[in-house]
Amino acid sequence: MLVPMNFEGVHPFHMVSMDVERNNFCAVLSEVQNEFLGFRGVQWFDSKKGQNKKLGHAWDMKYQLWTGRKSYGPMNQNLKSSVHPGSGRVGDLHKVTVILNQKSYHSILQLHAIPSGLHLVGQGFILQQDDDPKHNFQLISELCLKKRTRRNMDLTTADMKARLLVGLLAVSPLLTVVSAQQTCKLKAKFNLNGFKNKDNKDIILGGMFPVHNRLASSNDSTSSMPTSSDCEGFNFRAFRWAQTMRFVIDEINTRKDLLPNITLGYVIYDSCFTISKSVEGTLTYLTGQDEAVPNYRCGSGAPLAALVGAGGSALSIATARILGLYYFPQVSYCSSCSVLSDTFQFPSFLRTIPNDNYQSKAMAQLVVNFGWTWVGTIAADDDYGKYGIKLFKEEVEKAGVCISFSETLPKLYSQSTIQRIVDTIKKSTANIIVVFSSDVDFSPLMEELVNHNITNKTWIASEAWVTSALIAREEYYPILRGTIGFAIKRAVISGLFEFLNKIDPYGTNDPLMREFWQRAYNCTLDDQYMLLRMETPIYSSNITESRIHTLNAIGQRVCTGKETPESINNTYYDVSQLRITYSVYKAVYTVAYALHYMSICKEGKGPFVGNTCANISNFEPWQLMYYLKNLKFTALDNEAVFFNANGDVDAYYDILNWQINKDGKIRYVKIGYYNGTAPTGQEMSISNSSIMWNTNNFTQPPRSVCSESCLPGTRKGIRQGEPVCCFDCIPCADGEITNETDARECIQCGTDYWSNTKKDACVPKEIEFLAYDEALGITLIAVSVFGACVALAVVIIYIIYRNTPLVKANDIVLTFFIQFSLIITFLSSIAFVGQPQPWSCMTRHVSLALGFAICLSCIMGKTIVLMFSARAAKSKTPEKVNSEPIKPIHQKIIALVGSLIQVCGCTIWLILYPPYPVKNTASQNIKIILECSEGSIVFICCIFGYDVLLALLGFVFAFIARKLPDNFNEGKFVTFGMLVFFIVWSSFVPAYLSTRGKFMVAVHIFAILASSFGLLACIFVPKCYIIILKPERNTDELVKSQPKLIDKSAPGTSTSLSSEINSTTVSTVSMTD
């Protein structure tokens, strides 16, 4: 018979009496001897008499363990070795030198019997003391009883070696090995610990709690039959949950208003926080007996109601798939994974803890609420962590939050993986880390973070570890200070603390109770004091790497059994944060109320086919599921408990903040809540002033961004190959703005607007034109008026001195027209000043074109006469000299025709394409230049090109007449005037094109004034000089002087030349000069 140690919670050295006669026991054992390889007493020696004695039946043995002593006294020092004549293998021969009392007996077991047994057959064996019924090990007793009831079963010849049965009697030890094989063979027997209370009970509830954190390391050798692993890492918090279920069932059994006349029992197993143990417990619970037989209910006791558990999402998923096959109810107290809401996969699953969908959304809303856009995530490598963090990522990414890193905590401890996660956290710039994990999976990482002293992060906790004492340790506080987490509802459960404190370690045989006491108080129960080495994993071939995965040694101090909770700080006795515990409370009451409503069903009014009711003493699982799904009851604090179509309850979370008391201990401060049933946008409420942050001043929330926010005036520039939260802030271009933080694109300002210096607002562009009230405009207007006044003064001088020879000698009409045109050109520049208007645009260009056309036409009329006079003067024939090719009327006609041509052109221009004011926004980005559009480039080029043509003709005619006698040198002055005109306008073109805005207008005005002043000065100033300052020269003699009397300072005129030609008084000498 192959069974592991600690089977069914019974210690291998604990002897159980059996109420059968000695002969009956031997008879039973004889009946099944075919299943044994051998059964025979082991020899002991009486050295004093020198003879061997033997006890027991004369059956062949295969394995023997020799341990001899003298009856009822010390063994003789001359114990001699002997080889037993049997055919079996022999163990160690041990010499006993002391009185064999309980203490020395246990010492022999620990130091000699166990190593010898291991040497013979390997690990895993049970001890049978002898064939006395009072000394039977419980397993042997059960074996005998079962063999009685199975006499009709065909047994085959034993061919399978069993584990060692070592018998150690006070007088003579007995070693037995059992092996059996049936036609219907049990493949394995599970090693489960827990609580059972099902005798004389009407209905049995199942429970599953992770009282231990993991499986103990086991021998993975394939040279021997595998065994179900033991568990290690005692979880005081989960042990409190299991005790709470027992407390609630006891409370329900005492109530008269709930399930009267019905007594509930329970079978509670330790899931060891592993899927394998959860499955073992589920199969065993469904079978109804210690040996699990899938798809069979072998027990004949009370009906099974529901399973409360199994203590974790991954565990519940595994068990729910099995229970769902039979539609067997399962009510979970801490399995919150969203996938469990799938009623197609898990039709019989319900839970009293909210769905993680709400928690993930709450975490995402918390992150967005504080403006954290760069967060790291850590999840357990199970369904709880993976599904929870997956939904969290989806929610935050919708809000523009980026994930700096995403790590997974290993289920099996790995130093390299933990170190890699720590390195990732250290390198990351994210200051917020969201952890979706159980406390058991998270604790190894915390241990490593303490070693690296990483204290600058703020942690967001899921409900699985936010109030866990395993994480809320004093040495972890520098790292976890300021943690914010979500916790399910809490409640005060009356009477629970007293129940938790009722444990009597010496009054119970339950190994979990005894282990709890030893672990909690760091002591050893006296009947196990000599078995301390059993706590060392001596059967393990895999030594773990960290103290996280090594059991703490039990203290050497012997437990008194009177230790008090006040002497230790243990989470088992901490009833201040009963959250998961309260969820267990509701889960048990959920099943109880469903059973209650089933029990009070009245025939003919039932919910099933034909209005029938279920039999409370023999109901089907699906019948109980009906009542569970339609259940509604009131729990503590008037909380209404009911399930929706997916088997979920309403989501409500307390938001907790880890703060420190004055005594340096961690306390959980409620800073808000999340209500999943509240209207959209009102689910979360947080009091920011109540939060203690993990920052220097404790009141300022941490910042967690990959890149600082782009201020108004800049836009995000995405970095290639990096998350969208990592960006560069690029200033907006001129004329573009952003008026919000973290803008993705800059906004183009309107046509009449421009960006300000900070690029965060569009401001009206500066309007620019040459205004009347600015210095430049005033100066130009003054110069223009001055020029017009000078021209008018010349006119007045000519009028005043109109009877003088010099004035008479000039064509007074042409002279006045020239002066009038110059006045027009001077005054036309004033139209260039001020904000352009339609009238001013037409006036400025037309007046300028007409002014120059009239002036240049008159000058051309005068220079034609000079040109012909010069040609006549050079002629030798008197006919040519005396001829009159151009008469004064012809001059006027030429001037009139030249002016009329320009008038016609300007008229057509104004009619077809009149100049008009425009806003020039292209020349300067930050300014709107108000200027005049010419209307038609072709027309304005033709108009002013015509003026240039007149100027060229006047210049050519004057240049030909430049060498007339000195008293006829008006041609020289005209030539100089025209040169000044060309120089000014030649310089104007590049200057005009290189300037913008009002300075372009100023250049235009300057060219008008310069050319006008040039003509005025070169043509009229010399004559005015003679008229005013040299009146003695203003005589007919000078104007009509003989050649020898020529005064070179008196200029010749076109009129005088015409008179001289007519009177033939021109001196040939003068002509040849």
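One gets the numbering used here by counting positions in the sequence shown from 1 and adding 827 to each.
Ideal placement from N, C-alpha and C gives every residue a C-beta, glycine not left out.
This structure is a prediction, so every number in the text was calculated from the model and none was measured.
Taking the DSSP output, what are the residues bridged to residue i?
i: ALA1207; result: LEU1236
i: GLN1575; result: GLU1563
i: VAL1166; result: DSSP lists no partner for VAL1166.
i: GLN1486; result: ARG1494
i: GLU1595; result: ILE1756
i: GLY1544; result: ASP1555
i: ASP1481; result: ALA1314 and TYR1500
i: PRO1744; result: CYS1759
State the CB to CB distance for the pair residue i and residue j, rounded to an integer number of angstroms; the pair is presumed to be in contact (CB under 8 Å).
i: LYS1025; j: VAL1094; result: 6 Å
i: LYS1316; j: TYR1409; result: 7 Å
i: ASP1210; j: VAL1166; result: 6 Å
i: GLN773; j: ALA1132; result: Within the shown structure, residues of the chain are numbered from 828 to 1900, placing residue 773 beyond reach of any answer.
i: LYS1586; j: PRO1558; result: 6 Å
Less than 7 Å separating the beta-carbons of residue i and residue j?
i: PHE1596; j: GLN1662; result: yes
i: LEU1327; j: GLN1070; result: yes
i: LEU1272; j: TRP1286; result: no
i: THR1235; j: ALA1257; result: no
i: ASN1018; j: PHE1100; result: no
i: MET1669; j: PRO1741; result: yes
i: ALA1318; j: LEU1458; result: no
i: CYS1161; j: ILE1320; result: no
i: GLY1309; j: MET1519; result: yes
i: ILE1853; j: LEU1603; result: no
i: VAL1415; j: MET1190; result: no
i: ILE1608; j: VAL1660; result: yes
i: PHE1063; j: ASN1349; result: no
i: GLY1202; j: ILE1259; result: Here residue 1202 is Val; the residue named in the question, Gly, does not match the sequence. Cβ atoms of VAL1202 and ILE1259: closer than 7 Å.
Tell me the rounded alpha-carbon separation between residue i and residue j.
i: GLU1535; j: CYS1058; result: 50 Å
i: THR1200; j: PRO1529; result: 12 Å
i: SER1143; j: SER1159; result: 7 Å
i: PRO1665; j: VAL1532; result: 58 Å
i: SER1611; j: THR1578; result: 35 Å
i: TRP1812; j: ILE1716; result: 31 Å
i: TYR1454; j: GLY1128; result: 23 Å
i: ALA1291; j: SER1264; result: 7 Å
i: LYS1225; j: THR1504; result: 21 Å
i: PRO1332; j: TYR1412; result: 25 Å
i: GLY1136; j: PHE1036; result: 6 Å
i: SER1696; j: ILE1846; result: 18 Å
i: GLY1151; j: GLY1437; result: 26 Å
i: SER1656; j: ARG1671; result: 7 Å
i: SER1105; j: GLY1034; result: 10 Å
i: TYR1303; j: VAL1277; result: 7 Å
i: ILE1721; j: ALA1749; result: 44 Å
i: THR1802; j: ARG1789; result: 7 Å
i: PHE1786; j: GLU1758; result: 38 Å
i: PHE1826; j: GLY1804; result: 26 Å
i: SER1295; j: LYS1254; result: 28 Å
i: LEU1239; j: ILE1330; result: 33 Å
i: PRO1181; j: GLN1450; result: 25 Å
i: CYS1733; j: VAL1673; result: 6 Å
i: LYS1799; j: ILE1755; result: 46 Å
i: HIS884; j: GLU1393; result: Confidence at HIS884 is low in this model, with a pLDDT of 37, below 50, so its placement is unreliable and no value can be given for it.
Tell me, please, whether the CB atom of residue i is closer than 7 Å to any CB atom in chain B?
i: ALA1620; result: No chain B appears in the structure shown, which is made up of a single protein chain.
* Asked: Three or more C-beta pairs closer than 8 Å, one from the segment 1562-1573 and one from the segment 1581-1599: is that the case here?
  -> Yes, since at least three Cβ pairs between the segment 1562-1573 and the segment 1581-1599 fall closer than 8 Å, the two stretches touch.
* Within the chosen definition, does the segment 1831-1844 reach the segment 1642-1661 through at least 3 CB pairs nearer than 8 Å? -> Taking a cut-off of 8 Å on C-beta distances, the segment 1831-1844 touches the segment 1642-1661, as three or more cross pairs fall below it.
* Asked: Between the segment 1381-1393 and the segment 1334-1353, are three or more C-beta pairs nearer than 8 Å?
  -> At 8 Å Cβ cutoff, the stretches touch.
* When the Cβ atoms of the segment 1483-1503 are set against those of the segment 1463-1471, are three or more pairs found closer than 8 Å? -> No, because fewer than three Cβ pairs between the segment 1483-1503 and the segment 1463-1471 fall closer than 8 Å, the two stretches do not touch.
* Check whether the segment 1418-1427 touches the segment 1077-1093, taking contact to mean three or more Cβ pairs, one atom from each stretch, closer than 8 Å. => Taking 8 Å as the limit for Cβ pairs, the verdict is that the segment 1077-1093 does touch the segment 1418-1427.
* **Any 3 or more C-beta pairs closer than 8 Å across the segment 1209-1225 and the segment 1241-1255** => A contact between stretches requires three or more CB pairs, one per stretch, nearer than 8 Å, and the segment 1209-1225 fails this requirement with the segment 1241-1255.
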